[in-house]
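**Student:** Have a look at the structure that comes next, please.
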Amino acid sequence: MWLKPEEILLKNAFKLWVTEKDNEYFVLQRRRGYGEGGGGLTGLLVGTLDTVLDSTSKVAPFRILHHTPDSQVYWSIACGVTKEEIVQHWDWLQQNIMRTLSVFDSSEDITSFVQGKIRGLIAEEGKTSLVMEDDPEKFREALLRFEKWFELPPDEKLVTYYSCSYWKGKVPCQGWLYLSTNFLCFYSYLLGAEVKLIISWDEIWKLEKTSNVILTESIHVLANGEDHYFSMLLHLNETFIIMEQLADYSIKRLFDKEAFEREPALTDPLQITKRGLEAHAKSEQFRTFFRLPKEENLLEVHESFLWVPFSHFNTLGKICLSENYLCFASQDGSQCHIIIPMREVVNVEKPDSNSRALTVCVRGKRALRFSEVRDYQRLANTIRSRCGISASPQHSASSEAIRGECQSLINHFEDNPDDVTLMVGQKDSSKAVSTEALMTVFHPQDVENLDPKMLKEKMKEQSWNIHFSEYGRGTSMFFTRKTRDLIVRGVPEALRGELWMLFSGAVNDMATHPGYYTELVEQSLGTSTLATDEIERDLHRSLPEHPAFQSDTGISALRRVLTAYACRNPKIGYCQAMNILTSVLLLYAKEEEAFWLLVAVCERMLPDYFNRRIIGALVDQAVFEDLIRENLPQLVEHMTDLSFFSSVSLSWFLTLFISVLPIESAVNVVDCFFYDGIKAILQLGLAVLDYNMEALISCHDDAEAVTILNKFFDSVTNKDSPLPPTVQQASVGNNDKSSHFNVDISELIREAYEKYGNIRSEEVESSRKRNKLFVIQTLEDTTKQNVIRVVSQEVRFSASQLDELYNLFKRQHFLSCYWTMKSPVLLHHDPSLAYLEQYQLGFQQFSVLFSLLDPWAFCTNKSTLSLWVFRLIDENQDGLVNFKEFCCALDTLYGGSFTNKLKFLFKLHLPPAFDLPADGVIRKSPERGRGKVDLQAYLKQWQNEILKKEETIKDLPRINQTQFIQFSKTLYNIFHGDPEEESLYRAVAHVTSLLLRMEEVGRRLQEPSSPPASTQPANSAAAAAAAAAAGDESSTEEASTTPESCDTSSSHNSQDAGPDLSETEWSFSFEQVLASLLNEPAIVNFFERPVDIETKMGQAKVAQLKLKANK
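Going by this note's numbering, the first residue of the sequence shown is number 2, and it counts up by one from there.
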């Protein structure tokens, strides 16, 4: 690797370096302690220095220095991990530089030329690979150490590195932590003690910051059942965030593909950088906070003041700019933020050229004034350009008219600062609340009804109207602490749909996708899939007591929305609980709005909730358990196992309490959810447990605790609900049963906010990431245990051996996914499939793993043998092998009887293993994991497996001439390199001769009328078969590369044996082959010789990654 020229002095370096080559201008040196001799004590000291010091020139074992004859100063210009690498650089210098140097007169010119040339090479080298790194020179040095120490495949992308201490037992080892796309690596070398650690991110169960008496602050990593602690980090928080992001990236990419495919920024593992991860994390936080579509990315952040007209002061905060939105969030504790879609912006003006301020004019006669913006000119230009891109024809106007309107707004604002109405604007009065929501159809409000509940409802509406007049209405409304206070008190029935759309961000989705829902409904009309079948089954189970869903109007709307979403997102399709949530959405929002609300919930607000593994809900349950430990210690002391609360609270999270609370109370919870997200559900869950603390502590078992909670939910009422008794779920009789206490939902929500409102959304998101690792690894472990339980009934391997084999099998699957964007194996991985089908290997992956684990240590031509084994055990011929098929094959080869092993080898030379499809391609099923699941096919396959009788040796077909010659050749390949090789070869030749003689005798007995034949043909046939099988290794290897070449060469050899063989086709049954081989003790002993599978697996574990690196 070329280095930036750096001046060094050799006066004190002679003991550390040995000169290998030199000439007039360059010196090639080797580090003591490397290469021949080892270096003794000097080598140990040098190795320690190399690890501790942060300099490549002190680490790389080889280097090239530049010097001139009349100077004592040397310049380091290149270094290398291997001698081959440094010699390449040396040769390049000899060929390209040495001749040129002779034309210079002075030493200074020579040195300047060499330095310029080396810098040019480095710049050219770093144009593509290091352009995104903060310090390319230092990063190149770290990359060199990373490659040298860990010997990972060249495609492995180093993201960043840190100096730290790793605690091995009670002793800290000072060294370097390297974080790459797929691995966490650590290296330390102190006085001969080398510590090397490589952990793949997909093996990590826990990743957390910890502190104790010994370690003030450290990072704890739990992987493969072992704890690892890293401390003494200069930037611990930064390190932890990067580790968290890489672990999350790996989990999404390898285990949770649905979430990963929604993030195109991270699709290429070869392009991940520290800067890219940081930008992605900031964009994710930005989208989550402002509830923006997943396509938005944070582009610019500017600190500024925003004039808040309703408070009459400037609030300090940050302007956040994305492709289609201008957002502002305060930082002074006022909890004020605003979202302005670019489509709403009319123009951007600078009121005064001397001030660093700008005014953004939006539609509806609104204006927002930002001041003290450092780079206000660039921000104004950016907003203008973005608005020009997204501007639609209906609100485009001449620049003069816009400027005039905007200037009048600015002037009015400066002259009348108290005129709040004009500044923030009001929603156009012509846009009335939609009357298409089901609640307005089945329960229209009686305007003249003046009962107390209706009066209170009118007062709520009036409070919100006052709020709109002060803070604005619609997409550019100010969100403040007062907004949350109104939400906690309850949203009026008439405004619920509008506010849900606004708070969730669904209003922006719908505005930017006109006609999209109608198209989806038309596309999905009349389609029949597994999702539509499940939807039809659950339609009448969705709020069946509500009049809206006792009629065809409500049921049809629900069907259209759910079917349209299944069409939009086939990976989720339809999941239970979606029907309950959607039915409530349809009560208060019109059909298209309900669809976009469902999109917001499933894809943004509750990620990964609605899939077959409900990972998101399980993660939030784990977050809930953490919050219980933190906030309800009394409950934790009494109930040490908090898994009970996880099982009870699952429906709370999946349905937002709709399934456990009466509908008139549940909608208040949904109000809070759309404003505060999952934080509102967690707070309410804690409040419910806190309210029932005494009863839960005194209960004796889980059943009693469930009864207590169910009674509590039945007693929750909404005393302010204007809905008639026919709509309300909490009936009078129900209230009588639990008349000893009633809980008002508004009071419960208010208490939840007062006691647990200090829970921050950022902490919840961090806890989600931390717990997601554990949840997914627990699900993976469950999959493994189920697979092992099924496979253990079919094989002789122990549970621990199957566990190790499964880990090797799964790791081989991942090794094919680490460095490619669209690995075929990754595309076929589907966690929703049956346990055995989740992880499978294609031929390339199988071939590598089989070569590491097959019992024949010296077998030649393993690739062809692997191909035949793969075809034989791939029973459904989809080009993929599952763990059960793999283990059954290994079980036969390791623990099977001589007859079973021979039968396995015999079948390798029969179709389908020995025959290749006409075009030479292994077929793969393109429909795998996609579309409607054919349940009939699954049932039929299951029935066939139950009824399948064990295959006997008489069921096997006869092996023909070509196949037998290849069978003999395979035996020779297996025996190659064995200590008893010669005797085994003789035994095979003897068996071949014997079988051909038997065939000849049998033919003569079947043809008595033919003239007597001499034994010469049989002898020549035996000789020919033996010659074909035991031919020289080169011809054998060449002939075995593919089945077609095997067939060709075998036929050619048989033709060379003489006219008798080519004219008379002969074949053998398995019984004949078995009987002949049983008479050869050498062959029987070879196959019955025990092979230690434990040793093989240990060697495979070490070699698995190195094999990939050496490819």
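Yeah, the Cβ is synthetic: ideal placement off N, Cα and C, and Gly gets one too.
Using CA coordinates, which residue listed in L66, W76, K680 is at the minimum distance from E7?
**Tutor:** The shortest C-alpha separation from E7 is found at W76.
**Student:** How is the beta strand (DSSP E) around K572 delimited, first residue to last?
**Tutor:** Note, K572: premise wrong, no beta strand (DSSP E); not H, not E.
**Student:** Just the C-alpha distance for L359 and F371, rounded to the nearest angstrom, thanks.
**Tutor:** Their backbone Cα atoms lie some 5 Å apart in a straight line.
**Student:** Since K171 and V82 are thought to touch, with beta carbons under 8 Å apart, how far apart are those beta carbons, to the nearest angstrom?
**Tutor:** So it is not a contact: roughly 33 Å between Cβ atoms.
**Student:** Where does H639 land, buried or exposed, given buried means 16+ other C-beta within 10 angstroms?
**Tutor:** When all chains shown are included, H639 counts as exposed.
**Student:** Mind checking whether L322 and Q332 have CB atoms under 7 Å apart?
**Tutor:** It is not a contact, given that the beta carbons lie outside the stated cut-off.
**Student:** Given a threshold of 16 other Cβ atoms within 10 Å of its Cβ, counted over all protein chains shown, does N772 qualify as buried or as exposed?
**Tutor:** Under this definition N772 is a buried residue.
**Student:** Runs of 3 residues minimum, wholly inside the segment 181-263: which ones carry the beta strand (DSSP E) assignment?
**Tutor:** Counting only runs of 3 or more, we get 184-191, 194-201, 205-211, 219-224, 227-232.
**Student:** My guess is that P723 and E462 are in contact by the Cβ rule of under 8 Å, so how many angstroms apart are they, rounded?
**Tutor:** With 8 Å as the limit, P723 and E462 do not qualify as a contact, their Cβ atoms being about 11 Å apart.
**Student:** Assuming contact is defined by CB atoms lying nearer than 7 Å, are A618 and L587 in contact in what I supplied?
**Tutor:** No, they are not a contact pair.
**Student:** Rounded to whole angstroms, what's the CA-CA distance from G734 to P663? Just pull it up for me.
**Tutor:** Confidence in G734 is poor, its pLDDT being 41 and thus under 50, which makes the residue's placement unreliable; the coordinate value appears in the next sentence. Cα to Cα, G734 sits roughly 14 Å from P663.
**Student:** Does the distance from the CB of N580 to the CB of D609 come in under 7 Å?
**Tutor:** For N580 and D609, no; Cβs fall outside 7 Å.
**Student:** Give the secondary structure of F658 by DSSP, where H, G and I count as helix, E and B as strand, and everything else as coil.
**Tutor:** Coil, per DSSP.
**Student:** With a cut-off of 8 Å on the beta carbons, I'd call E781 and F184 a contact; round off their distance for me.
**Tutor:** E781 to F184, Cβ: 18 Å. No contact.
**Student:** Residues in its own chain within less than 6 Å of V115 by CB, not counting five upstream and five downstream?
**Tutor:** Answer for V115: H67, listed in chain order.
**Student:** Is the beta carbon of L180 less than 7 Å from the beta carbon of L247?
**Tutor:** For L180 and L247, yes; Cβs fall inside 7 Å.
**Student:** For F611, I'd like the list of residues in its chain whose CB is within less than 6 Å of its CB, leaving aside the five on either flank, ordered along the chain.
**Tutor:** For F611, where only same-chain residues beyond five positions count, the Cβ hits under 6 Å are I573, C576, M579, C603.
**Student:** Is the Cβ-Cβ distance between I243 and T161 less than 7 Å?
**Tutor:** Yes. Within cutoff.
**Student:** Am I right that F1071 and K904 are in contact with their C-beta atoms under 8 Å? What's the rounded C-beta distance?
**Tutor:** Correct: roughly 7 Å between the Cβ atoms.
**Student:** May I have the straight-line CA-CA distance separating E204 from N883, to the nearest angstrom?
**Tutor:** Distance between the alpha carbons of E204 and N883 is about 21 Å.
**Student:** Ordered along the chain, which non-local residues of its own chain (more than five positions away) have a Cβ less than 6 Å from that of I403?
**Tutor:** Bear in mind that a pLDDT of 46 at I403, under 50, signals an unreliable position, so the number given afterwards is only what the model happens to contain. Here the set comprises V347, N348.
**Student:** Quick one: is E25 buried, meaning 16 or more other Cβ sit within 10 Å of its Cβ, or exposed?
**Tutor:** Classification of E25: exposed, given that the 10 Å Cβ count is below 16.
**Student:** Around the C-beta of L410, are 16 or more other C-beta atoms found within 10 angstroms, so that it is buried, or is it exposed?
**Tutor:** Caution is warranted here: a pLDDT of 48 is assigned to L410, below 50, making its placement in the model unreliable, and no coordinate value can be reported.
**Student:** Assess, as a yes-or-no matter, whether the segment 296-310 is touched by the segment 683-697 under the definition of 3 or more beta carbon pairs within less than 8 Å.
**Tutor:** Not touching, per the Cβ criterion.
**Student:** Along the chain, where does the alpha helix (DSSP H) containing P6 start, and where does it finish?
**Tutor:** Segment 3-9 is the beta strand (DSSP E) holding P6; no alpha helix (DSSP H) there.
**Student:** Just how far apart, CA to CA, sit G193 and S505?
**Tutor:** Using only the alpha carbons, I get a separation of about 60 Å.
**Student:** Taking just the CA atoms, how far does F140 sit from I966?
**Tutor:** Straight-line Cα distance between these residues: approximately 57 Å.
**Student:** Could you tell me which of V989, T963, D228 sits nearest to K210, measuring between CA atoms?
**Tutor:** With distances taken between Cα atoms, K210 lies closest to D228.
**Student:** From this set, T182, L307, H221, which residue's C-alpha is nearest T274's C-alpha?
**Tutor:** Nearest C-alpha to T274: T182.
**Student:** By DSSP, does A358 sit in helix, in strand, or in coil?
**Tutor:** Residue state, collapsed to three classes: coil.
**Student:** Quick check on DSSP: helix, strand or coil for S716?
**Tutor:** Helix at S716.
**Student:** With 16 as the cutoff for other CB atoms within 10 Å, does K1107 come out buried or exposed?
**Tutor:** Answer is exposed; the Cβ neighbour count stays below 16.
**Student:** With the cut-off set at 7 Å, would you say L29 and W91 are in Cβ contact?
**Tutor:** A contact, by the Cβ cut-off of 7 Å.
**Student:** Assign R560 to one of two classes, buried (16 or more other C-beta atoms within 10 Å of its C-beta) or exposed (fewer than that).
**Tutor:** Buried is the call here.
**Student:** Going by alpha carbons, who is nearest to S232 out of E763, T641, I220, L153?
**Tutor:** For S232, the nearest C-alpha among the options comes from I220.
**Student:** Is E285 helix, strand or coil when you go by DSSP?
**Tutor:** If DSSP states are grouped into helix, strand and coil, E285 belongs with the helices.
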